[in-house]
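All the letters of the sequence shown, read from the start, carry residue numbers 1 to 720 under full-length UniProt numbering.
We put the CB at the ideal spot given by N, CA and C, even for glycine.
None of these values were measured; they are calculated from a predicted model.
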Amino acid sequence: MTAVQHSVMTISGPSKFEPGMQESDLMDQLPDGKKRNDDLTRDIMLVSLGCFCGPKLSFKNIGRGSETLPFDWMRTRHKGLVHFLKNSWDESTNFNDFFDFVSKKPVPGCNMTTYRSFYHSYWHDDPTDPNMRIRYKRRIVRFNEIDAEVKPVLFVRTIPNTDELIDVPELVALLVKRHGKQAHLLLIIDFQNTATGAAIVEGVSNLMVYYLAGSAHVDSEGLPAPPYGVAVNLALDWIVGRPVEAMHFESIEKIIECADPTDWGINGLGGLWAFEDTLEPPPEEPIPGVLPEQRPCQLPAVSSAELVRHFSAKAPAEGLKCENISVVPLGCTGLTKASILSMGIPSPDLPFDWVQISDAGLLHFLRKGFEAPIRDGLGAGSQRPSEKRGFFDFHTRRKVPDSALTACRSHLHSIWHDDPADPEVRTKFDLQFDLFESLGLGGESVLFVRAVATEAELSRTEELLRALTKKFGKQVALLVICNFQSSTVGPHFAEGFDDLMVYYLEASAHELPAPYQKPIQCALDWISGKEIQAAHSPDVKGLLALCDLTSWGLLGLMGLHAFEGLVSKPVEEGPPREPSAEDKWLMDVRFEAQKDALVLISLGYHEGLGRALESANLNAEGSPFDGTFMRMEGVLHFLRNDFADFFDVSEPQDVPGTSFIVRRSSHHSFWNNKADIDSSRQDVEDRIKSLRLLARNDQPKVFVRAAATAEELSLSLFGS
1 MTAVQHSVMT ISGPSKFEPG MQESDLMDQL PDGKKRNDDL TRDIMLVSLG
51 CFCGPKLSFK NIGRGSETLP FDWMRTRHKG LVHFLKNSWD ESTNFNDFFD
101 FVSKKPVPGC NMTTYRSFYH SYWHDDPTDP NMRIRYKRRI VRFNEIDAEV
151 KPVLFVRTIP NTDELIDVPE LVALLVKRHG KQAHLLLIID FQNTATGAAI
201 VEGVSNLMVY YLAGSAHVDS EGLPAPPYGV AVNLALDWIV GRPVEAMHFE
251 SIEKIIECAD PTDWGINGLG GLWAFEDTLE PPPEEPIPGV LPEQRPCQLP
301 AVSSAELVRH FSAKAPAEGL KCENISVVPL GCTGLTKASI LSMGIPSPDL
351 PFDWVQISDA GLLHFLRKGF EAPIRDGLGA GSQRPSEKRG FFDFHTRRKV
401 PDSALTACRS HLHSIWHDDP ADPEVRTKFD LQFDLFESLG LGGESVLFVR
451 AVATEAELSR TEELLRALTK KFGKQVALLV ICNFQSSTVG PHFAEGFDDL
501 MVYYLEASAH ELPAPYQKPI QCALDWISGK EIQAAHSPDV KGLLALCDLT
551 SWGLLGLMGL HAFEGLVSKP VEEGPPREPS AEDKWLMDVR FEAQKDALVL
601 ISLGYHEGLG RALESANLNA EGSPFDGTFM RMEGVLHFLR NDFADFFDVS
651 EPQDVPGTSF IVRRSSHHSF WNNKADIDSS RQDVEDRIKS LRLLARNDQP
701 KVFVRAAATA EELSLSLFGS
């Protein structure tokens, strides 16, 4: 048995990788172990109910891997199972929030991200990815179609916490009601010493409990292994009426009395908690420095599309004409966009329209792009397809009171009127990113409008103006609005900054639904060359000195914090702990599942490298660098110019004493048999096309280079 358990760690052939695959899809392709020859039990369906992927891996280990179901590769509480299964579980109920989550965290020590709610958590999937949702909806349909009315079905669950034992009869009753009278549950309690083995409970005929010793989590060699095969086979024997050795208990309370307390399943990988601690988030602490009297007008708590319609309807019949001027909102809230629309100024959808963004966040995306990660372990280059955009990264999700909105917050920005976990929203933002990057290309002036979140932002105004000018050119102008001002009001300029206006706005402006119309009109008059009344300061520091204290932009809708970490640091996930046996064998499984999805690509320097990769039975793709001798400088050159001059080589020369000819450039050389020149070129062209296609998919890739000289080590390919 133990030898078979360990066999799941060995892969006999490459996984079938398709674009958009999740890690769970790769794990599902792990080969099954040897199946026992048993006609009576082989057709009994096995269904994992969690609490983690151990049951599913154990099914595969005993040769009983089957179609994937929704709870195979995730963490679940008992309350989560009941929440998802008690009502209709389909589109009509939004799948009971199955794809929802509260926090998103990088998992320490491994290339993973966890998406957690109180009910469940994803560790091998990204619930914001459209391909993931398509696959999981199919799995949910399969689960809903499970029929245990005529044929028996064995549901298997290992509990994360012995506190859940009292709720087991509720789960059994729910499974029978939902799927049929022959729905059986095998409930496994891990890390037990007081009692071990199977147990039957009087009055609960469809339930078998199994007390599992901790030693079951390793094989005979002490290596981590899927632990539940023995228990599953025993439960199958029990279902078909074979005599099995089992203890008998008069009630579930007696089962609980014999169970050694454990809460191992509350911990996930990397020492993180497997679930959010509470169903409702705790109240947020007041933010120091936010003055209660500085209350901005609130945007309606509706979607961004509804906001556009709402404020566009307030525009005058004849919209404001801004000839050869684009007016672009930069936050810090959606009031900036609302004011532009209310004035009738043409304003296409752009990324910062309805988000709340700090000055640090704005500078980050302007300088590094929307792809750049905003924290370690997440963002572009990580393992999730959706994390190619750092803009979509956020730490937490929180329901906005008295609305249908969800606030998605990071330490740099927050998205309120769209849900960035929704694939359709991401697609919409992708179009906005492209449009933002093209601003000013038509030669028009671009007026950027920024309402500062705090008065301290004024000290970085020069930084922001430089970033905008570097990105969009000298036709840029910047209007900065300081809210809730009384000591100084109206437009101001700083000496030496011809493209910057700072407008100190009185509090009464927020009695209007679109408070920035006056500053924006003033800035348009300024850009158009009209005379305006304004004061001047000798430098930007002088502008800051004129500003009254304000931190109004640190609050979002309904008084929620606009950004993470404004009051206190995130709560630690618990005391550090050594990786458990489950951690170790799960990491082994992850490695094996991902290993054969890797593509190896040769970068030369000679053709022997490509042949070596192929002969080693590795998943090697044909590479245009295989059939040549190639300098490292050549690799860099051809990657940068997309192989534009790859075939620009000298006239062929005979290689003395052979039937070969050689054609050279300063970067590389081709060595071919005279009769194979035409077919060789076609082969290389096909390999170039293949490499271009690989560049467009999400498949993990390893590039291999045999260095021609030690000096090559000083060259870097990354970023090419």
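Q | Other residues of its chain near Ser304: CB distance less than 6 angstroms, five sequence neighbours each side excluded | A | Excluding sequence neighbours, Ser304 sits near Trp354, His417 and Asp418.
Inter-residue CB distance, Cys547 and Ile532 (contact presumed, cutoff 8 angstroms)
A Cβ-Cβ distance of about 20 angstroms is found for the pair Cys547 and Ile532, leaving them out of contact under the 8 angstroms criterion.
Look up His667 in the DSSP assignment and say whether it is helix, strand or coil. Three-state DSSP puts His667 in coil, outside helix and strand.
Notebook entry, point to check: Cβ of Asn206 within 9 angstroms of Cβ of Leu185?
Noted result: A contact, by the Cβ cut-off of 9 angstroms.
Requested in this report: Pick out the complete alpha helix (DSSP H) segments inside the stretch 341–375, 4 residues or longer, and give them in chain order.
Outcome: Counting only runs of at least 4 residues, the stretch 341–375 fully encloses the following alpha helix (DSSP H) elements, listed from N- to C-terminal order: 359–368.
task = Quick one: residues in its chain with C-beta nearer than 7 angstroms to the C-beta of Phe143, no 5 flanking neighbours on either side, listed in chain order?
result = Hits under 7 angstroms: Leu69 and Pro70.
For a test of the three-state rule: what should DSSP assign to residue 726, helix, strand or coil? The chain is shown only over 1 to 720; residue 726 falls outside these bounds and no answer can be derived.
Whole-angstrom distance between Glu221 and Leu154, CA atom to CA atom:
Going from the Cα of Leu154 to the Cα of Glu221 covers about 30 angstroms.
**Asked** Out of Ile256, Phe52, Leu330 and Thr336, which has the shortest C-alpha to C-alpha gap to Trp273?
**Response** Check the Cα spacing between Trp273 and each of Ile256, Phe52, Leu330 and Thr336: the tightest is with Phe52.
Pull up the DSSP beta-bridge partners for Lys105, would you. According to DSSP, which records beta bridges pairwise, Lys105 is partnered with Thr114.
> Three-state secondary structure (DSSP) at Arg142?
Replying inline: It is helical.
Write down every uninterrupted run of the alpha helix (DSSP H) in the stretch 430–488 whose length is 4 residues or greater and which is fully enclosed by it, in chain order. For the alpha helix (DSSP H) assignment, the uninterrupted runs of no fewer than 4 residues enclosed by the stretch 430–488 are, from N- to C-terminal side, 461–472.
Exercise. Of the residues His310, Pro351 and Gln653, which one's Cα is nearest the Cα of Met343?
Worked result: Nearest to Met343 by C-alpha distance, out of His310, Pro351 and Gln653, is His310.
**Asked** According to the Cβ coordinates, are Val308 and Leu557 closer than 9 angstroms?
**Response** No, the Cβ-Cβ distance between Val308 and Leu557 is not below 9 angstroms.
message = DSSP three-state label for His411, please.
response = In the structure shown, His411 adopts coil according to DSSP, grouped into three states.
Check the DSSP bridge columns for Gly490 and list the partner residues they point to. Answer is Tyr504.
- request: Enumerate in chain order the residues of its own chain whose CB-to-CB distance from Lys541 is below 8 angstroms, with the five nearest sequence positions on each side excluded.
  value: The residues are Ser459.
Spatial distance of Ala545 from His536 (CA atoms): Rounded to whole angstroms, Ala545 to His536 spans 13 angstroms at the Cα level.
- Message: Quick check on the burial criterion: 16 or more other C-beta atoms within 10 angstroms. Buried or exposed for Glu164?
- Response: Residue burial is scored here from C-beta neighbours: Glu164 has at least 16 other C-beta atoms within 10 angstroms and is therefore classed as buried.
Locate the alpha helix (DSSP H) running through Leu291, then write down its first and last residues.
Leu291 -> no alpha helix (DSSP H), and no H or E assigned at all.
With 16 as the cutoff for other CB atoms within 10 Å, does Ser326 come out buried or exposed?
Here Ser326 is buried, its C-beta having at least 16 other C-beta atoms within 10 Å.
Leaving out five residues before and five after Pro316 in sequence, what residues of the same chain have Cβ atoms less than 6 angstroms from its Cβ? Cβ within range, chain order: Gly344.
Between which two residues does the beta strand (DSSP E) containing Ala246 stretch? Ala246 -> beta strand (DSSP E) spans Ala246 to Phe249.
Can you tell me whether Ala514 is buried or exposed, with buried defined as 16 or more other CB within 10 angstroms of its CB? So Ala514 counts as buried.
Which of the three DSSP states, helix, strand or coil, is assigned to residue 724? Limits of the chain in this structure are 1 at one end and 720 at the other, which puts residue 724 out of reach.
* Asked: Counting Cβ pairs closer than 8 angstroms, one from the stretch 472–479 and one from the stretch 500–514, do we hit at least three?
  -> Taking 8 angstroms as the limit for Cβ pairs, the verdict is that the stretch 500–514 does touch the stretch 472–479.
Exercise. Are there 16 or more other CB atoms within 10 angstroms of the CB of Lys151, so buried, or fewer, so exposed?
Worked result: Lys151 should be labelled exposed.
Exercise. Under the three-state reduction of DSSP, which class applies to Ile189: helix, strand or coil?
Worked result: Residue state, collapsed to three classes: strand.
task: Measure how close the beta-carbons of Ala246 and Ala198 come, nearest whole angstrom, since I'm counting them as under 8 angstroms.
output: About 4 angstroms separates the two Cβ atoms, so the contact holds.
For this session: Would you kindly work out how many angstroms separate the C-alpha atoms of Arg631 and Ser680, rounded to a whole number?
Result: Near 20 angstroms, if we compare the C-alpha coordinates of Ser680 and Arg631.
* To do: Give a yes or no on whether the C-beta atoms belonging to Asn61 and Pro224 are separated by under 9 angstroms.
  => In this structure, Pro224 does not lie closer than 9 angstroms to Asn61 by Cβ.
inquiry  = Any contact between the stretch 185–196 and the stretch 76–85? By contact I mean 3 or more CB pairs, one from each, below 8 angstroms.
reply    = Short answer: they don't touch.
### Query
Considering Arg398, what are the terminal residues of the beta strand (DSSP E) in which it resides?
From DSSP, the beta strand (DSSP E) with Arg398 extends over Thr396 to Lys399.
Fill in: Same chain, Cβ closer than 7 angstroms to Asp525, five either side skipped, listed in chain order
Closer than 7 angstroms at the Cβ level, and outside the excluded window around Asp525, lie Ile532.
_Three-way DSSP call (helix, strand, coil) for Asn96 in this model_ = Helix, per DSSP.
With respect to 8 angstroms, is the separation between the Cβ of Val244 and the closest non-hydrogen atom of the ligand PLP below this value?
What this structure holds is no ligand at all, so the ligand PLP is not there to describe.
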